[in-house]
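Residue 63 in the working numbering sits at position 9 of the sequence shown; the count goes up by one each step and never skips. Please read the structure below before turning to the comments.
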Amino acid sequence: MNKISELCINNTNIPFIPNNCINKLKTLKKISLQFNQIEHIQKGLFDGMKSLEEIFLSNNKINSVDVDVFSNQTDLPSLHTHNLIDSIEDRFYLNNTAVLDLSHNGIRKLDSHIINSLKVLKELYLHSNLLTTLPNDFLIRTSGPHQLKVISLHNNSWDCSCENKWLKSWM
């Protein structure tokens, strides 16, 4: 089993993944746990999985992810999760994530510290959430050496008041 590079556990209706279930698959590069009934991603689930490059957690019932759940990953280029997440913790993601897809969640607020700390991030998908505004310093990531190449923000309930005039003109 140490030679497995991809694992798909999709459409099984499983409610959770025990910590000791998948983290022994040290050579795993891609894991897909989509279209299940998973509600929580606990710390330790991906511990020791240094080869992991892509995680697909979409279309579950995930509403919480433990802080530092990916803290033992040194590199995770791509993370996709379309679920019920309503807030993002500042230690939730890796500094080496290039593609972060948090679309189709219930995110109401985005902390600029989180986005600005992801220096490798090139693609950010936040469409179909409950965002009404963005932090003022979000524009920092639209130019310069750490520039985002793709920003997807459609299908949110944007506040177009005078307070957010900068957002309207930027869009």
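Built from N, CA and C at the ideal position, the CB exists for glycine as well.
Taking the alpha carbon of E93 as the reference point, which residue from S215, N137, I85 and L178 has its own alpha carbon closest?
Here the question's residue 93 lines up with position 39 in the sequence shown. Of S215, N137, I85 and L178, the residue nearest in Cα terms is N137.
Do L178 and V204 come within 8 Å of each other at the CB atom, strictly closer than that value?
The count along the sequence shown starts at 1 and reaches residue 204 at position 150. The count along the sequence shown starts at 1 and reaches residue 178 at position 124. A contact, by the Cβ cut-off of 8 Å.
With H, G and I counted as helix, E and B as strand and the rest as coil, what does DSSP make of C62?
For the purposes of this step, residue 62 is taken as residue 8 along the sequence shown, with counting starting at 1. Three-state DSSP puts C62 in a strand.
What would DSSP say about L110, mapped onto helix, strand or coil?
Position 56 of the sequence shown, counted from the start, is the residue given in the question as residue 110. According to the sequence displayed, residue 110 carries Phe and not Leu. Note: F110 maps to strand in three-state DSSP.
Let me check understanding here. Comparing Cα to Cα, which of K176, Q127, L87 and I63 lies closest to L154?
Position 100 of the sequence shown, counting from 1, holds the residue named residue 154. The residue with the shortest Cα to Cα distance from L154 is K176.
Given I109 as reference, the closest of I63, L164, N190 and I168 once Cα atoms are compared:
Here residue 109 refers to the residue found at position 55 when the sequence shown is read from its first residue. The candidate whose alpha carbon is nearest that of I109 is I63.
For T135 and L106, believed in contact at Cβ under 8 Å, the rounded distance:
Along the sequence shown, read from residue 1 onward, the residue named residue 106 stands at position 52. Along the sequence shown, read from residue 1 onward, the residue named residue 135 stands at position 81. Actually they are not in contact, since the Cβ atoms of L106 and T135 sit about 14 Å apart, beyond 8 Å.
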